[in-house]
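Report on one structure; see the data block that follows.
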Amino acid sequence: MDMAMRKTMAAVAACALAGVMAVAAMLAGCATQTQESAGNEELQAQGGSVELQIFAANSLSKALDEVQALYTEAHPDVTFADTQYKASGELVEMLKAGSSADIFISASGAKMDDAAAAGLVDEASRFDMFTNDLVMVTGENNAAIPEGLTLEQAVSGDYTICVGDESVPAGNYACQALASAGAYSDASGKGGAFEGAIADKVVLDTSVGNVCKHAESGDVDIAFVYSSDVYRFGGVKVLSTVPAETHKDIVYPAALTADDANAQAAQAFLDWAANDPAALAVWQKWGFELA
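Throughout the sequence shown, residue numbering follows mature numbering (1 follows the signal peptide of the UniProt record, and there is no 0), covering -24 to -1, 1 to 267 in sequence.
Following this line, the structure appears as structure tokens:
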């Protein structure tokens, strides 16, 4: 092969290689543009205006309202619909019936378990957000009942009592404590009956707020509520903290709902609410401890 032919073939090969490289570069550029476009669309979606719907246990009402207001102040594109504050069991039933929410915060691990079993929450997002204490309270002006009242004294038959019904987690914990003192027939705190000296001395109600009001008004001598409820409602004073070993740990699990369309915004709010110093100060003010 002469020199001219070799030069010609080298030139053809160089042109072919240049063409391949140009096509590869073009394809790589298209891929990069596609990735950037997808990323921009995702960022735009995250940055758009979002309204979050939260279902939360009654006991969180005042604290969570404040935290939501702080979050919207810091993140104007995120607002909150009318947050539903109800007994945790009632909120689970609402979700089962098709009500829409982005976040569920329960006052009971068992109620969150119910929601998870029904496929209503994203189990991967679940975490324990708060802890609380169970306390016995009476009207703030009632001097007839001694401070430091023990559980055994409370079930002696000398006092009338109010607890939440089975839809109210605080009521479940109260009944567990009463069972430990021989005054309730089921150690789980559900499905049993009040026994012994208090068999006909217990009033049930559908929310911890109403339970507190029974004690405040003097309708009953003693009510079993969360320590945070004393901050929330007032009008009552703490007689004593119910021993923690008499009931299951009081935790408030939080989770995103299943197939939530606003999952990123909802998770961002939960992360902020559990870590931001301003949010932590609000929780502390209302008697909640982060788990």
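Just so you know, even glycine gets a beta-carbon here, dropped at the ideal spot from N, CA and C.
The ligand ZN heavy atom lying under 8 Å from the CB of GLU116: In the structure shown, the ligand ZN is absent, as is every other ligand, since no ligand is present at all.
Same chain only: Cβ atoms within 8 Å of ALA199, ignoring 5 sequence neighbours per side: On the sequence shown, position 223 is the one that residue 199 refers to. Only residues of its own chain outside the window of five on either side were considered, and among them MET112, VAL113, THR114, ILE137, CYS138, VAL139, VAL187, CYS188, HIS190, ALA191 and VAL212 have a CB closer than 8 Å to the CB of ALA199, listed in chain order.
Limits of the alpha helix (DSSP H) - the one that GLY185 falls within: By 1-based counting over the sequence shown, the position of residue 185 is 209. Start and end: 184 to 193.
Bounding residues of the beta strand (DSSP E) (the contiguous stretch that carries LYS213): Stepping through the sequence shown from its first residue, residue 213 is reached at position 237. Here the beta strand (DSSP E) through LYS213 covers 212 to 217.
Close-in-space but distant-in-sequence residues of the same chain around VAL258 (CB under 8 Å, 5 per side omitted): Along the sequence shown, one-based indexing puts residue 258 at 282. Closer than 8 Å at the Cβ level, and outside the excluded window around VAL258, lie ALA39, GLU42, VAL43 and LEU46.
Environment of ASP247 [buried if 16+ CB atoms lie within 10 Å]: In the sequence shown, the residue the question calls residue 247 occupies position 271. Classification for ASP247: exposed.
Other residues of its chain near GLN60: CB distance less than 6 Å, five sequence neighbours each side excluded: As a first step, residue 60 must be located in the sequence shown, where it is residue number 84. If you ignore the 5 residues before and after GLN60, its C-beta comes within less than 6 Å of the C-beta of PHE31, all in its own chain and listed in chain order.
Meets three-Cβ-pair contact criterion under 8 Å: the region 213 to 231 and the region 144 to 152: Judged by Cβ distances under 8 Å, the region 213 to 231 makes contact with the region 144 to 152, as three or more pairs qualify.
Spatial distance of ALA120 from ASP197 (CA atoms): For the purposes of this step, residue 120 is taken as the residue at position 144 of the sequence shown. For the purposes of this step, residue 197 is taken as the residue at position 221 of the sequence shown. One Cα belongs to ALA120, the other to ASP197, and the distance between them is close to 9 Å.
Own chain residues within Cβ distance below 7 Å of VAL201, not counting five before or after: Indexing the sequence shown from 1 puts residue 201 at position 225. Only VAL111, VAL113, ALA146, VAL184, VAL187 and CYS188 meet the Cβ criterion.
Cβ neighbours of ALA1 in the same chain (closer than 6 Å, five flanking residues each side left out): As a position in the sequence shown, residue 1 is number 25, starting the count at 1. Low per-residue confidence applies at ALA1: pLDDT is 40, beneath 50, and the placement is therefore not dependable, though the value from the model is reported in the following sentence. The beta carbon of ALA1 is closer than 6 Å to none in its chain, skipping five residues each way along the sequence.
Rounded straight-line distance, which links the Cα of ALA249 to that of ALA255: For this step, residue 255 is matched to residue 279 along the sequence shown. For this step, residue 249 is matched to residue 273 along the sequence shown. A straight-line Cα-Cα distance of about 5 Å links ALA255 and ALA249.
Within 9 Å, strictly: CB atoms of VAL54 and PHE80: Position 78 of the sequence shown holds residue 54. Position 104 of the sequence shown holds residue 80. Contact: no.
For TRP262 and TYR228, believed in contact at Cβ under 8 Å, the rounded distance: As a first step, residue 228 must be located in the sequence shown, where it is residue number 252. As a first step, residue 262 must be located in the sequence shown, where it is residue number 286. Going by Cβ atoms, the distance from TYR228 to TRP262 rounds to 12 Å, so no, they are not a contact pair.
Neighbour-count burial assignment, PHE209, 16 or more Cβ in a 10 Å radius: On the sequence shown, position 233 is the one that residue 209 refers to. With a 10 Å radius around the Cβ and a threshold of 16 neighbouring Cβ atoms, PHE209 comes out buried.
C-beta contact flag for ASP104 and LEU28 at 9 Å: Along the sequence shown, one-based indexing puts residue 104 at 128. Along the sequence shown, one-based indexing puts residue 28 at 52. ASP104 places its beta carbon 9 Å or farther from that of LEU28.
Straight-line gap, LEU215 to ASP141 (C-alpha atoms, nearest Å): Your numbering for residue 215 matches position 239 in the sequence shown. Your numbering for residue 141 matches position 165 in the sequence shown. Cα-Cα distance, rounded: 21 Å.
Simplified DSSP assignment, three categories, for LYS62: Walking along the sequence shown from the start, residue 62 turns up at place 86. In this structure, LYS62 counts as strand in the three-state DSSP scheme.
Every unbroken beta strand (DSSP E) inside the region 48 to 118 [3 residues or more]: Within the region 48 to 118, the complete beta strand (DSSP E) segments of 3 residues or longer fall at 54 to 56, 60 to 62, 79 to 81, 103 to 107 and 110 to 115, listed in chain order.
GLY235 to ALA100 span [Cα, whole Å]: Start at 1 with the first residue of the sequence shown, and residue 235 comes out as number 259. Start at 1 with the first residue of the sequence shown, and residue 100 comes out as number 124. Per the sequence presented here, residue 235 reads as Asp, with Gly not at that position. Cα-Cα distance, rounded: 12 Å.
ILE226 (DSSP reduced to helix, strand or coil): Walking along the sequence shown from the start, residue 226 turns up at place 250. Shown here, ILE226 sits in coil according to DSSP, grouped into three states, outside any helix or strand.
Coarse secondary structure for GLY158, derived from DSSP in three states: Within the sequence shown, numbered from 1, the residue matching residue 158 stands at position 182. In the structure shown, GLY158 adopts coil according to DSSP, grouped into three states.
Bridge partner(s) assigned by DSSP for VAL179: On the sequence shown, residue 179 is found 203 positions in, with the first residue counted as 1. In DSSP, VAL179 forms a bridge with CYS138.
Residue closest to ALA173, alpha-carbon to alpha-carbon, out of GLY124, ALA153, ALA157 and PHE56: On the sequence shown, position 197 is the one that residue 173 refers to. Considering only alpha carbons, the answer is ALA157.
Distance, ASN238 Cα to ASN117 Cα: Within the sequence shown, the letter at position 141 stands for residue 117. Within the sequence shown, the letter at position 262 stands for residue 238. Near 47 Å, if we compare the C-alpha coordinates of ASN238 and ASN117.
Identity of the residue in GLN260, ALA33 and GLN240 nearest LYS87 by Cα: Position 111 of the sequence shown, counted from the start, is the residue given in the question as residue 87. Here the closest residue by C-alpha is ALA33.
Cβ distance (whole Å) where PHE264 is taken to contact PHE106 below 8 Å: The residue labelled residue 264 in the question sits at position 288 within the sequence shown. The residue labelled residue 106 in the question sits at position 130 within the sequence shown. The beta-carbon separation of PHE264 and PHE106, rounded to 5 Å, stays under the 8 Å limit for a contact.
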